[in-house]
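Below is one structure, written out as structure tokens; the observations come after it.
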Amino acid sequence: METVIAGDVVDKSNAAREQALKADYAVLGEQLDRRGIAIDAILKKVEAFGVAIPSWGVGTGGTRFARFPGPGEPRDVFDKIEDCAVISQLTRATPTVSLHIPWDKADPNRLKQAASRFGLGFDAMNSNTFSDTVGQKLSYKFGSLSHADAGVRRQAVEHNLECIEIGRTIGSKALTVWIGDGSNFPGQVNFARAFERYLEAMKAIYAELPQDWRLFTEHKMYEPAFYSTVVQDWGTNYIIAKELGDKAYCLVDLGHHAPNVNIEMIVSRLIQFGKLGGFHFNDSKYGDDDLDAGSIDPYRLFLVFNELVDAELAGAKDFQPAHMLDQSHNVTDPIESLMLSAIEVQRAYAAALLVDRKALEGFQEANDALMATQALKAAYRTDVEPILATARLNRGGAIDPVSAYRASFYRKKVAAARPAGAAGGGGIV
Ligand code: LRH
Ligand code: MN
Ligand code: MN
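Residue numbering for the sequence shown follows our numbering, beginning at 16 and increasing consecutively.
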């Protein structure tokens with residue numbers, strides 16, 4: 016397997032940190048032991064944990080107002096895969112890439128080859144019927160899968176089938192459908208009819224889904240439509256998954272809800288009824304901000320993972336959520352941001368594994384609200400960094416991925432080969 020960052024750069028970076036890490040791991044091990052937790056068991060679970068990198072995340076994003084390209088941005092999907100390989104090599108937490116079509120359209124066999132060179136696989140395929148591409152016959156300006164015109168709907172269905180076809184060749188096992196369909200004015204669309212048309216179109220896509228695939232539908236409250244959106248919330252999303260069938264699940268993008276919505280509770284409901292498909296992890300303060308995971312509200316991320324671990328330990332039915340990031344980086348090097356985001360997601364998982372669930376249940380039964388919430392806080396407050404860093408080290412990654420990355424001068428090197436401003440795909444969504 017090929018690596019992008021020279022082995023001696025990682026080794027040198029690790030050598031300077033390994034002794035301190037060993038000591039920190041031993042101290043944490045002792046602390047956890049006193050709480051009846053075997054640190055090595057947690058380490059094993061963390062080592063097995065993975066989150067997918069969105070191909071569109073490795074380029075500099077932008078806002079509605081401007082995009083400020085950074086040096087050495089990926090020119091095409093093959094450069095994006097190489098950047099993802101860097102993230103994977105240093106964090107050992109991101110074994111897969113999630114592609115977006117047509118942004119990442121290329122010969123599927125070449126895509127597969129490019130990824131397997133670095134030991135990478137592919138997570139869910141993403142279709143795009145929220146923007147028009149060059150040469151496209153009909154426009155999505157007024158919608159796609161719910162469009163009033165059957166011809167547009169057919170075109171959008173065909174596009175999704177093409178995504179499945181590409182995915183089949185490259186070894187993906189899921190399709191994520193997010194549409195921008197909706198309206199900007201009261202009266203612009205008939206809510207029920209638009210949803211009916213959407214369901215009919217989705218049924219046509221579902222009918223072509225391979226046996227071992229899953230279909231994820233992603234809800235979002237608003238944007239680009241600012242009055243109404245066809246798939247606006249988890250309730251509508253649940254209806255969709257129920258209407259379509261057993262292979263259909265809901266995808267939760269953390270940034271797609273109204274402010275203050277209790278997302279961890281949505282997660283719990285979807286798990287309980289066997290319809291949680293996966294996540295787009297990111298963070299936000301106001302809307303779909305696509306900020307780095309855990310950068311604004313790390314406790315919320317922990318609470319989401321508290322639900323996931325609860326389900327994992329309880330052996331919940333049909334429970335194999337896809338973990339994916341979905342972020343846009345405007346002021347940081349996307350590789351650095353994505354490495355730290357993957358680690359934040361892993362951190363939330365590790366901390367959630369430390370919750371004393373038996374004690375928590377006892378406090379809940381006894382209506383001891385204070386102690387119940389402290390049971391969560393005790394886990395959340397534990398600094399699990401020595402576990403995360405040891406997991407990286409054991410698997411050949413970097414104890415401190417950002418330092419190793421900076422020491423490699425990767426960005427400077429690729430900037431010489433990748434001309435400025437040539438980046439494609441991944442805009443303001
Ligand atoms: C929509 C979204 C969806 C898209 C991605 C680029 O806001 O979250 O997942 O595919 O952004
Ligand atoms: Mn998303
Ligand atoms: Mn989004």
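Even for Gly, the Cβ is constructed at its ideal location relative to N, Cα and C.
The model shown is predicted, which means the values in this text are computed figures rather than measured ones.
CB contact check: residue i to chain D, cutoff 8 Å
| i | result |
| --- | --- |
| Ile-57 | In the structure shown, chain D does not exist; there is a single protein chain. |
Cβ-heavy atom distance, residue i to ligand 1, below 7 Å
| i | result |
| --- | --- |
| His-338 | no |
| Thr-252 | Strictly speaking, residue 252 in this sequence is Asn, with Thr absent from that position. No. |
| Asp-119 | no |
| Asn-277 | no |
| Asp-341 | yes |
| Trp-71 | yes |
| His-115 | yes |
| Asn-345 | no |
| Asn-141 | yes |
Cβ-heavy atom distance, residue i to ligand 3, below 7 Å
| i | result |
| --- | --- |
| His-234 | no |
| His-272 | no |
| Asp-268 | yes |
| Asp-304 | no |
| Asp-415 | no |
For residue i, the three-state DSSP class (helix, strand or coil)
| i | result |
| --- | --- |
| Asp-268 | strand |
| Arg-183 | helix |
| Phe-231 | strand |
| Ala-435 | coil |
| Asn-124 | helix |
| Phe-210 | helix |
| Ile-451 | It is not possible to answer for residue 451, since the shown part of the chain is limited to 16 through 444. |
| Val-19 | coil |
| Ala-35 | helix |
| Met-140 | strand |
| Ser-113 | strand |
| His-162 | coil |
| Pro-69 | strand |
| Leu-375 | helix |
| Val-444 | Low local confidence applies: a pLDDT of 46 at Val-444 is under 50, so the model's placement there is unreliable, with the coordinate-based value given in what follows. Three-state result, Val-444: coil. |
| Leu-47 | helix |
| Thr-347 | coil |
| Ala-363 | helix |
| Thr-405 | helix |
| Ser-131 | helix |
| Ala-263 | strand |
| Ser-352 | helix |
| Phe-310 | Looking at the sequence itself, residue 310 is Ser, so the reference to Phe does not match. In the structure shown, Ser-310 sits in coil (DSSP, three-state: anything other than H, G, I, E or B). |
| Ser-283 | helix |
Extent of the continuous alpha helix (DSSP H) run through residue i
| i | result |
| --- | --- |
| Phe-320 | 313 to 329 |
| Asn-29 | 22 to 30 |
| Leu-385 | 384 to 396 |
| Thr-251 | 249 to 259 |
| Leu-340 | Leu-340 -> not in any alpha helix (DSSP H); beta strand (DSSP E) instead, spanning 337 to 340. |
| Leu-105 | 92 to 106 |
| Leu-58 | 54 to 62 |
Residue i - containing beta strand (DSSP E), residue span
| i | result |
| --- | --- |
| Ala-422 | Ala-422 -> not in any beta strand (DSSP E); alpha helix (DSSP H) instead, spanning 416 to 423. |
| Phe-296 | 291 to 296 |
| Leu-1 | Outside the shown range of the chain (16 to 444) lies residue 1, about which nothing can therefore be said. |
| Met-236 | Segment: none, Met-236 is in no beta strand (DSSP E) and carries neither H nor E. |
Neighbourhood of residue i by C-beta distance below 8 Å, restricted to the same chain and skipping five residues each side
| i | result |
| --- | --- |
| Gly-260 | Tyr-221 |
| Arg-410 | Glu-62, Arg-107 |
| Glu-327 | Phe-334 |
Residue i: CB within 7 Å of a non-hydrogen atom of ligand 2
| i | result |
| --- | --- |
| Trp-249 | no |
| His-174 | no |
| His-295 | yes |
Cβ-Cβ separation, residue j to residue i (assumed contact under 8 Å), whole Å
| i | j | result |
| --- | --- | --- |
| Gly-202 | Leu-190 | Wrong, their Cβ atoms sit about 33 Å apart, outside the cutoff. |
| Asp-298 | Leu-306 | 5 Å |
| Ala-308 | Leu-266 | About 16 Å; that fails the 8 Å criterion. |
| Ala-67 | His-272 | With 8 Å as the limit, Ala-67 and His-272 do not qualify as a contact, their Cβ atoms being about 21 Å apart. |
| Pro-89 | Thr-184 | Rounded, the Cβ-Cβ distance is 21 Å, inconsistent with contact. |
| Val-19 | Glu-97 | 6 Å |
Other residues of its chain near residue i: CB distance less than 7 Å, five sequence neighbours each side excluded
| i | result |
| --- | --- |
| Ala-331 | Ile-286 |
| Ala-365 | Ile-57, Val-61, Val-399, Ile-402, Leu-403 |
| His-174 | Ser-142, Thr-144 |
| Ala-394 | Ala-366, Ala-367, Leu-369, Val-370 |
| Lys-59 | none |
| Gly-250 | none |
Contacting residues, own chain, Cβ-Cβ under 6 Å from residue i (five flanking each side not counted)
| i | result |
| --- | --- |
| Ser-161 | Asp-196, Ala-209, Arg-212, Tyr-213, Val-245 |
| Ala-216 | Leu-160, Arg-168, Val-172 |
| Gly-134 | Met-16 |
| Val-429 | Gly-87 |
| Ser-243 | Gly-197, Ser-198 |
| Tyr-264 | Arg-229, Phe-231, Ala-256, Lys-290, Gly-292 |
Proximity test, residue i beta-carbon vs ligand 4 heavy atom, cut-off 7 Å
| i | result |
| --- | --- |
| Trp-193 | This structure does not include ligand 4; its bound ligands are ligand 1, ligand 2 and ligand 3. |
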